[in-house]
Each structure stands twice: as structure tokens, then as C-alpha cells.
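**Student:**
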Amino acid sequence: MYKYDNYDQAMVDTRVEEFRDQVKRRLEGHLSEDHFKPLRLQNGLYLQLHAYMLRVAVPYGTLSSVQMRALGDIADRYDRGYGHFTTRQNIQYNWIKLEETPDLLAELAAVEMHAIQTSGNCIRNISSDQYAGAAADEIVDPRPYAELLRQWSSFHPEFLVLPRKFKIAVIASETDRAAMKLHDIGIRMVRNSAGEIGAAFYVGGGMGRTPMIAPLVREFVPLDQLVTYAEACLRVYNRYGRRDNKYKARIKILVHELGKDEYTRQVEEEFALLLTQGIEPPLAELERIKTHFTDPPFEVGAPEAVDRSDPDFALWLDSNVEAHKQPGYAIATISLKPVGGIPGDASADQIRLMADLGLQYSFDELRVTHAQNIVLPHVRKADLFALWQQLEANGLGTPNLDAIDDIIACPGLDYCSLANARSIPVAQKLSERLAPRRAEIGELKLKISGCINACGHHHAGHIGILGVDRKGTENYQLLLGGCEGDDTSLGTITGPGFSEDGIVDAVEKATEVYLSNKQGEERFLDTYRRVGMAPFKEAIYG
Amino acid sequence: MKILTGNDLKSGAVTWWDGVQWSLHVNDAVDVGEHADAILAREQAAQRVNAAYMIEAEKDLEGVRPAHIKDRIRALGPTVRADLTLKPADPEARDWVI
Amino acid sequence: MGDVQFRFRDDEPVSDPGVTVDVFGAQTNAAAVRLEPGDDARDLLPHLDRLKLIEVNFPMFTDGRGFSSARVLREAGYIGELRAVGELPVDHLALLRRCGFDAFAPEPPVNPADAENAFARWDDVYQPTTDGRVPIWAKRHG
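Chains as they are written, first to last, in my numbering: chain A, 1 to 542; chain B, 1001 to 1098; chain C, 2001 to 2142.
1) Note down, one range per segment and in chain order, each beta strand (DSSP E) of at least 3 residues found wholly within the region 1033 to 1077 of chain B.
2) Let me know the alpha helix (DSSP H) ranges lying completely inside the region 140 to 226 of chain A, each 4 residues or longer, listed in chain order.
3) Along chain A, in chain order, which residues have C-beta atoms closer than 7 Å to that of L2048 (chain C)?
4) Mind listing the chain B neighbours of I96 (chain A)? Cutoff is C-beta to C-beta under 8 Å, in chain order.
5) Give the residues of chain B in contact with A132 (chain A), contact being defined as C-beta atoms less than 8 Å apart.
6) Mind listing, in chain order, the continuous beta strand (DSSP E) runs of no fewer than 3 residues lying wholly within the region 304 to 349 of chain A?
7) Using alpha carbons as the reference points, say which of B:K1010, B:P1088, B:G1006 lies closest to E100 (chain A).
8) Flag this pair as yes or no: are the beta carbons of I404 (chain A) and L444 (chain A) separated by less than 9 Å?
9) Thinking just about the alpha-carbon of each residue, which of A:Y60, A:A346, A:A272, A:G542 is nearest to the one in L149 (chain A)?
10) Can you look up A2031 (chain C) in the DSSP assignment and give me helix, strand or coil?
11) Look up T1015 (chain B) in the DSSP assignment and say whether it is helix, strand or coil.
12) Specify the secondary structure class of Y7 (chain A) as computed by DSSP and reduced to three states.
13) Can you name, in chain order, every residue of its own chain whose Cβ lies under 6 Å from the Cβ of N475 (chain A), other than the five neighbours on each side?
14) Using a Cβ cut-off of 7 Å, pull out every chain A residue sitting near L1099 (chain B), in sequence order please.
15) Within 10 angstroms of its Cβ, does D137 (chain A) collect 16 or more other Cβ (buried), or is it exposed?
16) Quick one, which of A:A421, A:Q372, A:V321, A:N320 has its alpha-carbon nearest G472 (chain A)'s?
17) Identify every residue that forms a DSSP beta bridge with R443 (chain A).
18) Would a check of beta-carbon distances place I503 (chain A) closer than 9 Å to chain B?
19) Is it buried or exposed, V2023 (chain C), if we count other Cβ atoms within 10 angstroms and call 16 or more buried?
20) Roughly how far, in whole angstroms, is the beta-carbon of A2118 (chain C) from the beta-carbon of D2091 (chain C), given that I think they are within contact range, below 8 Å?
21) What does E392 (chain A) reach in chain B if we use C-beta pairs closer than 8 Å?
22) At what residues does the beta strand (DSSP E) containing D469 (chain A) begin and finish?
23) Counting only Cβ-Cβ distances shorter than 8 Å, please list the residues of the region 408 to 435 of chain A near chain B, keeping chain order.
24) Taking DSSP's pairing of strands, which residues face T492 (chain A) in a bridge?
25) Using a Cβ-Cβ cutoff of less than 6 Å, which residues in the same chain neighbour G2077 (chain C) once the five nearest sequence positions on both sides are dropped?
26) Using a Cβ-Cβ cut-off of 6 Å (strictly less than) and excluding sequence neighbours within five positions of R164 (chain A), which residues of its own chain qualify?
27) Counting along the chain, where does the alpha helix (DSSP H) carrying M68 (chain A) start and finish?
28) Identify each residue in the region 34 to 67 of chain A for which the Cβ-Cβ distance to at least one residue of chain B is less than 7 Å, and report them in chain order.
29) Any Cβ of chain C within less than 9 Å of the Cβ of G278 (chain A)?
30) Roughly how many whole angstroms lie between the Cα atoms of M207 (chain A) and K252 (chain A)?
31) With distance defined between alpha-carbon atoms, name the residue in B:T1085, B:N1007, B:E1043 nearest to D414 (chain A).
32) Pop quiz: R1094 (chain B) and V1014 (chain B) are said to be a contact at Cβ under 8 Å. What is the actual Cβ separation, rounded to whole angstroms?
33) Less than 9 Å between CB atoms is the rule here; does R69 (chain A) satisfy it with respect to chain B?
34) On the CB-based measure, 16 or more other CB atoms within 10 Å of its CB, does N6 (chain A) come out buried or exposed?
35) 9 Å is my cut-off, CB to CB: does V602 (chain A) come that close to chain C?
36) Helix, strand or coil for G1006 (chain B) per DSSP?
So this is what it looks like as C-alpha cells:
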């Protein structure tokens, strides 16, 4: 994975000093909150329900054991002993003090981490496929391109006062494991007919108030024009994105209102002009970055056989372990969704344990997934049992990847000042109710958001839940049929909303409708797409 | 009653106007009547509070109960982690929020 | 409007008031124009040779369109004074400079010591602009 050189290190160190100075000026009364707020947001610091919340970036979801360990230590020293992994592959701490933040950021910088641009009207953390570098189906590792774009977007002087936030995802396989089309810019690395690698640009996707699937804007951008093309996309947005209405300020609205063809025309026009400006790094820079993403020293001829005699291990093996491109290896997902637990939360001890496991079993590399789990990407099959035993002993061994209790939930009204309803208690109740039937229900991606901002990605859930405020009381809407993958679709609302207990019953009823209509090997989503909303609506509303 | 709440600038802790200063405890909150704007302006300018605002609340037998669940969650802490709230040992605290 | 508090040019400042883009179009002897956030900087491209001063107004510091206007003008070859006016927080000054502004008239004026720190903060930059600073990728690859 990428390691900073002196330049990268100096940039994060300088940023810490810049923010330290800004905090000092704020506390001394020389900087108003209005002016300070965008500065602290661009250093990841929100003022939330209980305290300041800090969102630390995990670039394209990849981190080393040293970094993971630091996240655990920070949870103990600066927070209340735990962290929350998010749907954008980042980590959040909920109890941060403003006056301690510069020191916290300095500790992060010492392990090549930061909270730069994880909030604010700027380009945010660039996300990627959690199986990058391990999956057999990728045409290249997408992360070097994500790193190239990370450096391009960091402190970009033209794009730090955008109309609104900007989220980019980069993948490199046909199978979309990063919800790429639901981003402001989604990039898929592709091969053209001449066998050359380039990037397909999808622009104008997103969830929130008006969910949209990004249209394809350019089929193939050559590798030596990636930054220039991205710059063109952003410049058109900065110039013409709406600034009159916060809820219409994302690029998806611009693309929708102009129409894909007109937006594309404007981008191509800007692109042609920018090509003369020499803003593209040389291919040598991409090559330099790629040297950090070579394969780890896999053991050739590592044994394939796995002893399945322990039934609990076999369950976990079948649910949480995926095939690796290298024979004798596997991709293991550590579930942060214990039954009845808080999705995505991990204690400082668990974080440090995962760091150790990453070092011991996965060539010192871990991933954060947008489903709020942790992946060890390169585990020898021969080590899976020992790994699982340690996970099991520490509440990290739940065999529920992509199952109904692998719930994605935003922090909701328990933590977030934007929320209308609590999401975590709903997740806990659903997990407790339905986990016992996990195997029977099979693959079912259940996603819960506590407000329309959709940080829980509810539009993309096979079952989605949206918390709303209904005359001062928490109320929950049910959506069915969303999908974040290649066949991206947005969920459809079933009808009137429910109380907290009501939504749990409604979801259970939906699973029963699925099971009674299921044909062959259909997943919930497949059955829903085949039979439509009607049988579900009938069962749920009677 | 109308009460004022905000966050401490340095620590981010939730605070409540008690008539003299900003308390960590909602039961110390006082009715500000028509003076909300004046107090908010003065206190924020002096940086004794950040992001403060006025809310409706009721006085009941236990103390002060903010009208909206969001502010009750702010008053106590997350409903899903009793150990992180202001009343970790009180089994009825969560019911008060909800 | 505020006075020019910082200027990074050697020539004499232009004292002409910047007329609006509409007026500029009609007045063939005007040498100074002011761009509002909603104006298209490229409308000025046919007139760059007679322009000595372009003011770009930032009525609200949260509206970042002026950053793009500046770069568009510099990239098109404008070498006259490019002045940022309006709501310019200290913490935007270095960014504005990188985008091509060489004069700054913040309203209200900013603390000069804070501004000096802000302009000098960053030893290196990841992205090239027309300001001539060598981006990190160029330093890496000679």
C-alpha cells in the first residue's frame, strides 16, 4: 500500500500546523464560528449531538496494522474507547474535544493518516473496492488511480469552495463492489479494444434527497489524461452547480437539469482547453504510485485444503470468506455486526486486535468496507481456522456477510444532529429478530438511514429503511428493491410509515413473502424483481 | 418553558443555560422567557457557548424535559450506550429520553 | 468596497473602478471590469488585451465560483492585475493566490500577520496552476 514520501509527509504536517493555528485563532476570538466552521469541516471535525465528531480518512479503505493500531489508541486517548466505521470506508470518533484535535491530528500524521477533506464542500475521501488487489475479477488494482486522484484533490485551490460535497469512487472490475454509480463521479478502469487500460467516467450519481444513478459520460479516458478529465468535470460543476438551494447543489442535479449530453459537451469543451495547460502528472508518477501496490510475497503452493470439521468455523468459512486470485489464499471479512450490536462500531481493544491479525495473517494490510465491516484481503487458507478462533473469541466472528443481520446503519439520532430518527435501535431489534433465520433468508442487504441524507445508503438496500420525523415522533419508511451493484437500482417505498416496532414486523413480513414466493436459488432481491411490490404491500399492510 | 442549549466551544459538551452560566445538566436549565435572543447573542459573543439555540421544554417532577427527543438525547447521551450517558447506572434514564 | 490590502505586482495599481461586464461591453475605452459570481469569465476573453484590471467579487465567501473565473482568465493568457474583492477570509488568501489573483481587497480587512502566515504556509503544492509553482509530481520526476 501507498507510503508517504517526504513531500506527502510535509503536506499532512503542514496541514496540522495550519489547523492548530486556526483553532488557536478561534479560541482566542479572532475567528468567528461562521468562518471557522468550513475550516474545521475540511479537517473532518463536526459539531454533533454530544460533542465534536472527528471523521478520519482511510483512503480507498486501505490501512496498515500500524495505522489500525493508532486508530485504536486514539479511541482510548482522545475518545471513549471505541470508533465507528462508516459507509465511506472512514472511521468516526464521537467525543472529541476541539482543543485536543490538533494533537490528535499530529498523532495521525505520524502514521501517515489524516482527516483532510472528510467533510465540507470539497472533494472527499475517494473510495474503492474492498477486495482490490485480491479479487480475481479486477483488470488492474484500482487503488493507484485512487491515490493519484487523492493527491490531485487534496488542497486543490480551485475546488475547496464547491457548491456542495463531492464523492468519488474508483473500481476496476465488472462487478461493482463500491456502489460506484451512486457517486458524484464513479470511475471504472476498463480495457479498450486495443487492450489499453483507461477509465470510464460516470458522473452525477448520488443518494440523499434525490437519488440518481450516474450516467456514463465518457467511455474511455486514457491513463495520461485522467487528472485533466477529472479537473474538467469539477470545473464545470464549480462554475455551474446550483448554489441557490442546498438540497439542489450536488452535481447530480446539474447533470440532470442540463441533461447528460449537454453536461458532457461542456466537460469535453473544458477538457480540450485544459489539455493545453500541462496539469497532468507524467505517467512516471502513476508508475511510481503503482510500485506501492504490487502483490505481497505470496507463498507459492500454499495449501488449498481447509479442515471444515468445526461446524461453527464451517459456517463462517462459507459466509465470510471469498475466493482470492492467488491459489491457497482467501479474502476474509471480519463482521462488525454482532447480533444485537451497533453496526460498524468496534472497541479500542477490538481495533488493536484486528491490527494484530492484519499483521499476522494478511501481510500487514486491512480494508474498511462501505458495508461497515473490515476485510483481511490476503489470508492463507491454512491460517483461516486460527484467524477465526481469535475473531470468535473477541466478538468479531459473526458469520453474516451480506446476510440480513449484516445491517448497514448510519449513527442516526443517537449521535447525529442531522437525523430525524434513531437508526441503531431499529438495527439492533431487526438483528435480534431475524439473525436466527439468517441462513434461510440468505443474501439480503438491509440498510437504514436516520434521515434523508441517506448516509445509511437506504436507497440502495434490497430492503431500505428511512427514519423520518412525523409530527415530533420517530417514524420509519420501508423501501424494497434497491441494489448497489452493477444492476444498480433505487428502492421503492412500500407505503405509509411505521413505528419502531412496526418496522421490525414489516421487515419480517417482507422476508416471509420472499420465502413463500422464492423460486429456485433466488435471493430476496431476485424474487422482489420478479413478483413486484404487490404481494409485499398486501402482506405488510393487510 | 423556553430554555437555552448549546455546546461548549472547547470540549463540545452539551450545555444548558442555568441563569448564570452554562451547566452540563438539563435539570439546571431555566426559563428565559423573552430574553433568549439577548442571552444567546451575549454568551456566544463572549465564547462561553457555541451553536446555541432556544427550545421548548416542560418542567415535570423529575426536572426539565426538552420537548423534542433530539434534545433529550443531547441531555442524556446515546440511547444505545447507557455507559456513555450522564446516568449510566439509571435504568429508567432511557425511558425518559424516549 | 475595501482597499487593496495585499498586492503582488510591480506595476502601478490601476485606479479605474471596475465596471460591470454589461457596461464594459458597451464602453470601448474601459480598462477595468468587475466580475460577479454569476458572470462568465470567458465573455472577457476577446478583450483581454485592453484590460488592465479585472476585479472578481466574492459577495459571500461560501460562493467559490470566483476561483474558477481566475484560473480561466489566467489560463487564457491574461497578465493584467487580477484582484479579489469582497468577503475574503484569511484562510482563502493562499488558495486565491494560487488560482491567479495578485491583488486582494478584503472587506472587512484582515489581520496582516495572519495573512502573512497564510501566504507563506505551504512549501509545496500537489497541483500546478499558472502561478508557476512546481507541483510535487514534477519535483519527484525531475
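For glycine and all other residues, C-beta sits at the position ideal for the given N, C-alpha and C.
**Tutor:** Answer, in terms of the structure:
1) Those beta strand (DSSP E) runs which fall completely within the region 1033 to 1077 of chain B and span 3+ residues are 1050 to 1059, 1064 to 1066.
2) You should have 143 to 153.
3) In chain order: nothing, as chain A lies at least about 15 Å away.
4) G1012
5) Neighbours of A132 (chain A) on chain B: none; closest Cβ ~33 Å, over 8 Å.
6) 321 to 323, 329 to 334, 345 to 347
7) B:K1010
8) yes
9) A:Y60
10) coil
11) Three-state result, T1015 (chain B): strand.
12) Looking at Y7 (chain A) - three-state DSSP - the assignment turns out to be helix.
13) V468, G497
14) In the structure as shown, chain B begins at 1001 and stops at 1098. Residue 1099 (chain B) is therefore absent and cannot be evaluated.
15) exposed
16) A:A421
17) The sequence given here places Glu at residue 443 (chain A); Arg does not occur at that position. By DSSP's assignment, E443 (chain A) forms a beta bridge with A:A403.
18) no
19) Exposed, since its Cβ has fewer than 16 Cβ neighbours within 10 Å.
20) Contact flag correct, Cβ pair sits at about 6 Å.
21) What E392 (chain A) touches in chain B, judged by beta-carbon distance under 8 Å, is nothing: the nearest beta carbon there is about 24 Å away.
22) 463 to 470
23) L413, D414, Y415, S417, A419, R422, I424, P425, Q428
24) A:L480
25) none
26) Cβ neighbours of R164 (chain A) beyond the five flanking positions: N121, A249, R250.
27) 65 to 78
28) L47, L49, H50, A51, Y52
29) It does: the Cβ of G278 (chain A) has a partner Cβ on chain C nearer than 9 Å.
30) 9 Å
31) B:T1085
32) 17 Å between Cβ atoms; not a contact.
33) no
34) With a threshold of 16 other beta carbon atoms within 10 Å, N6 (chain A) falls short and is exposed.
35) The first residue shown for chain A is 1 and the last is 542, placing residue 602 (chain A) beyond what the model contains.
36) strand
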